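Chemist: To convert a position in the sequence shown, counted from 1, into our numbering, add 12. Positions of the beta carbon are idealized from the N, C-alpha and C atoms, including for glycine. Computed from a prediction, not measured in an experiment: that's the story for all the values here. My structure is below; once you've seen it, I'll send some questions.
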Amino acid sequence: MLDGKVILITGGTGSFGRRFVETVLREHQPKKVIVFSRDELKQYEMAREFADPRLRFFIGDVRDRDRLYRAFQGVDYVVHAAALKQVPACEYNPFEAIKTNVLGAQNVIDAAIDSGVQRVIALSSDKAANPINLYGATKLCSDKLFVAGNAYVGDRPTRFSVVRYGNVVGSRGSVVPLFLKLRETGRIPITDPRMTRFWITLDQGVRFVIASLERMHGGEIFVPKLPSMNIMDLARAIAPGCDYEFTGIRPGEKLHEVMIPEDDARHAVELDDFYVILPELSFWSSGNWREGRPLPEGFVYASNTNSWWLSEDALKQLLSSSADTVVQST
């Protein structure tokens with residue numbers, strides 16, 4: 013599906029963007045892959061690392077509507093990964109988070125429609141479900157914008173969908189690089205020993221996005237089936253024998269994460285390895301997902317009630333397989 017296409021990724025120099033570009037260039041034959049991001053140094057380093065004639069770089073910010081319009085000319089598919097993602101930073105800089113995560117999302121939608129982009133996948137977060145922090149609230153708003161964007165296209169070909177998943181092993185800002193760094197001190201800070209999270213590798217995230225780009229009809233929120241892990245199991249897997257300091261949950265942080273709240277489950281369906289939250293808007297027909305199974309009454313997809321858990325040994329194996337990602341992030 014990606015062969016012969018022009019693909020643009022916003023936030024393309026981030027952890028996800030780099031792995032997405034690497035995977036697409038290695039396993040597909042795109043006509044062109046455009047990295048759209050703000051950081052000229054990261055683009056320079058990425059250009060030297062990949063050195064592929066199909067790769068292009070575009071300095072720009074999703075806040076800049078005119079720049080997006082220029083970048084989207086001739087683009088077939090867009091993966092929107094640009095966002096302000098650090099919970100404490102968004103709490104302290106709320107206006108900036110809204111400009112990037114909400115207004116930037118609207119700019120991407122408008123530019124995609126007016127430029128004739130065929131498909132757009134926006135990356136979301138488990139924090140967008142029943143949000144308690146500003147980052148989650150902005151991503152929920154972004155999700156709503158992208159789903160509703162399908163109602164604005166008229167007779168144009170553009171379709172929008174969303175991918176929502178949990179914590180990425182070893183990505184910048186994740187707890188794994190922090191624990192790896194601090195284990196040398198013999199003391200690991202733990203917010204709360206009861207804390208649980210959904211867990212996904214960078215490769216799994218990239219492949220799920222590509223698969224969702226292929227299967228989307230427009231308006232869906234795709235949620236992969238993921239294992240949960242307990243923070244103490246993770247700490248013991250990374251830093252066995254260390255002392256643990258319990259610091260308490262930070263402002264805007266949840267004890268457990270949710271990817272499908274009960275209210276969304278009423279209009280979601282289950283497939284073998286993922287869920288699809290269907291839009292409730294009248295412009296979209298859920299008949300496109302007749303193969304999906306309705307979820308039972310009262311269903312909630314949460315990290316603490318999940319039926320799939322990573323053991324300490326499984327975590328060690330996962331961390332070992334993701335070692336290159338963790339090293340890059342540190």
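Hey, out of Val187, Ser224, His279, whose CA is closest to Met244's CA?
Modeler: For the purposes of this step, residue 244 is identified with residue 232 of the sequence shown, where counting begins at 1. It is Val187.
Chemist: Since Arg79 and Asp88 are thought to touch, with beta carbons under 8 Å apart, how far apart are those beta carbons, to the nearest angstrom?
Modeler: The sequence position of residue 79 within the sequence shown is 67, counting from 1. The sequence position of residue 88 within the sequence shown is 76, counting from 1. That belief does not hold up - the Cβ atoms of Arg79 and Asp88 are roughly 19 Å apart, past 8 Å.
Chemist: How would you label Val18, buried or exposed, when you count the other beta carbons within 10 angstroms and need 16 or more for buried?
Modeler: For the purposes of this step, residue 18 is taken as residue 6 along the sequence shown, with counting starting at 1. Under this definition Val18 is a buried residue.
Chemist: What is the rounded straight-line gap between the Cα of Pro169 and the Cα of Gly230?
Modeler: By one-based count along the sequence shown, residue 169 stands at place 157. By one-based count along the sequence shown, residue 230 stands at place 218. Going from the Cα of Pro169 to the Cα of Gly230 covers about 10 Å.
Chemist: In whole angstroms, what separates the C-alpha of Leu37 from that of Tyr256?
Modeler: Numbered from its first residue, the sequence shown carries residue 37 at position 25. Numbered from its first residue, the sequence shown carries residue 256 at position 244. When rounded, the distance between both Cα atoms is 42 Å.
Chemist: For the alpha helix (DSSP H) containing Phe191, name the first residue and the last one.
Modeler: Counted from its first residue, the sequence shown places residue 191 at position 179. It spans 187 to 194 - the alpha helix (DSSP H) in which Phe191 sits, taken as one unbroken run.
Chemist: Tell me which residues share the same chain as Glu108 and place their Cβ nearer than 7 Å to its Cβ, disregarding the 5 neighbours each side in the sequence.
Modeler: By 1-based counting over the sequence shown, the position of residue 108 is 96. Excluding positions up to five away in sequence, the list reads Leu96.
Chemist: Exposed or buried, which one is Met13 when buried takes at least 16 other CB atoms within 10 Å?
Modeler: Here residue 13 corresponds to residue number 1 of the sequence shown, with the count starting at 1. Classification for Met13: exposed.
Chemist: Taking its Cβ as the centre, do 16 or more other Cβ atoms sit within 10 Å of Tyr104, making it buried, or is it exposed?
Modeler: Stepping through the sequence shown from its first residue, residue 104 is reached at position 92. Label assigned to Tyr104: exposed.
Chemist: Report yes or no: do the stretch 233 to 241 and the stretch 46 to 62 share at least 3 C-beta pairs separated by less than 8 Å?
Modeler: With a cut-off of 8 Å, the stretch 46 to 62 and the stretch 233 to 241 do not count as touching, because too few Cβ pairs lie within range.
Chemist: Helix, strand or coil for Asp255 per DSSP?
Modeler: Counting from one through the sequence shown, the residue named residue 255 turns up at place 243. Of the three classes helix, strand and coil, the one that applies to Asp255 here is strand, per DSSP.
Chemist: How close, in whole Å, do the beta carbons of Thr208 and Asn242 come, if the pair is a contact with beta carbons under 8 Å?
Modeler: Start at 1 with the first residue of the sequence shown, and residue 208 comes out as number 196. Start at 1 with the first residue of the sequence shown, and residue 242 comes out as number 230. The Cβ separation is near 5 Å, so the contact holds.
Chemist: Report the residue from Asn162, Ile250, Pro65 whose alpha carbon sits nearest the alpha carbon of Val45.
Modeler: Residue mapping note: residue 45 aligns to position 33 of the sequence shown, counting from 1. Comparing Cα-Cα distances from Val45 to each of Asn162, Ile250, Pro65, the minimum goes to Pro65.
Chemist: Residues bridged to Trp321 by DSSP?
Modeler: Position 309 of the sequence shown, counting from 1, holds the residue named residue 321. Answer is Ser240, bridged to Trp321.
Chemist: Please state whether DSSP places Ala93 in a helix, a strand or coil.
Modeler: Along the sequence shown, one-based indexing puts residue 93 at 81. DSSP places Ala93 in coil when its eight states are reduced to three.
Chemist: Whole angstroms are fine: how far does the CA of Gly86 sit from the CA of His268?
Modeler: The residue you call residue 268 lines up with position 256 of the sequence shown. The residue you call residue 86 lines up with position 74 of the sequence shown. Approximately 42 Å, taken between the alpha carbons.
Chemist: Candidates Ser224, Leu20, Asp275: which alpha carbon is nearest Leu67's?
Modeler: For this step, residue 67 is matched to residue 55 along the sequence shown. Ranking the options by Cα distance to Leu67, first place goes to Leu20.
Chemist: Under a three-way DSSP split, which group does Ser341 fall into?
Modeler: As a first step, residue 341 must be located in the sequence shown, where it is residue number 329. With a pLDDT of 37 at Ser341, under the threshold of 50, the modelled position of this residue cannot be trusted; read the value that follows with caution. Looking at Ser341 - three-state DSSP - the assignment turns out to be helix.
Chemist: Roughly how many whole angstroms lie between the Cα atoms of Asp155 and Asp15?
Modeler: The residue labelled residue 155 in the question sits at position 143 within the sequence shown. The residue labelled residue 15 in the question sits at position 3 within the sequence shown. Straight-line Cα distance between these residues: approximately 28 Å.
Chemist: Can you check the stretch 122 to 190 for any alpha helix (DSSP H) of at least 4 residues that lies completely inside it and give the ranges in chain order?
Modeler: Segments of the alpha helix (DSSP H) lying fully in the stretch 122 to 190: 146 to 160.
Chemist: For Ala280 and Leu307, I'd like the C-alpha separation in whole angstroms.
Modeler: Against the sequence shown, residue 280 aligns to sequence position 268. Against the sequence shown, residue 307 aligns to sequence position 295. One C-alpha to the other measures close to 7 Å.
Chemist: Helix, strand or coil, according to DSSP, for Lys54 in the structure here?
Modeler: Sequence index remark: in the sequence shown, residue 54 carries index 42 (1-based). Lys54 falls in the helix class under three-state DSSP.
Chemist: Is the Cβ-Cβ distance between Gly264 and Val99 less than 8 Å?
Modeler: Reading the sequence shown from its first residue, position 252 is the one you call residue 264. Reading the sequence shown from its first residue, position 87 is the one you call residue 99. Result yes, Cβ atoms of Gly264 and Val99 sit closer than 8 Å.
Chemist: I'd like the list of long-range same chain contacts for Val175, defined as Cβ closer than 7 Å, with 5 residues on each side in sequence excluded.
Modeler: On the sequence shown, position 163 is the one that residue 175 refers to. Around Val175: Ile133, Leu135, Ser136, Phe220, Val221, Ser224, Phe234.
Chemist: Just to confirm, is the Cβ distance from Gly260 to Thr203 under 8 Å?
Modeler: Taking the first residue of the sequence shown as 1, we reach residue 260 at position 248. Taking the first residue of the sequence shown as 1, we reach residue 203 at position 191. Yes, the Cβ-Cβ distance between Gly260 and Thr203 is below 8 Å.
Chemist: How long is the line joining the alpha carbons of Val339 and Gly23, rounded to whole angstroms?
Modeler: Within the sequence shown, numbered from 1, the residue matching residue 339 stands at position 327. Within the sequence shown, numbered from 1, the residue matching residue 23 stands at position 11. Because the pLDDT of Val339 is 37, which lies under 50, any placement of that residue in the model is unreliable, and the number read from its coordinates should be weighed accordingly. If you take the alpha carbons of Val339 and Gly23, they lie about 20 Å apart.
Chemist: In terms of DSSP beta bridges, what is Glu282 paired with?
Modeler: In the sequence shown, counting from the first residue as 1, residue 282 sits at position 270. Note: Glu282 sits in a beta bridge opposite Tyr287, Arg305.
Chemist: Quick one: residues in its chain with C-beta nearer than 7 Å to the C-beta of Arg199, no 5 flanking neighbours on either side, listed in chain order?
Modeler: Within the sequence shown, the letter at position 187 stands for residue 199. Around Arg199: Cys254, Asp255, Glu257.
Chemist: To which residues of the same chain is Arg262 closer than 8 Å at the C-beta, ignoring the five residues directly before and after it?
Modeler: Indexing the sequence shown from 1 puts residue 262 at position 250. So the list reads Val99, Pro100, Thr203, once near-sequence residues are dropped.
Chemist: Roughly how many whole angstroms lie between the Cα atoms of Arg305 and Asp284?
Modeler: On the sequence shown, position 293 is the one that residue 305 refers to. On the sequence shown, position 272 is the one that residue 284 refers to. Cα to Cα, Arg305 sits roughly 9 Å from Asp284.
Chemist: Here's the rule I'm using: 16 or more other beta-carbon atoms within 10 Å means buried, otherwise exposed. How should Pro205 be labelled?
Modeler: Taking the sequence shown and counting its residues from 1, one reaches residue 205 at position 193. Exposed: under 16 other Cβ atoms inside 10 Å.
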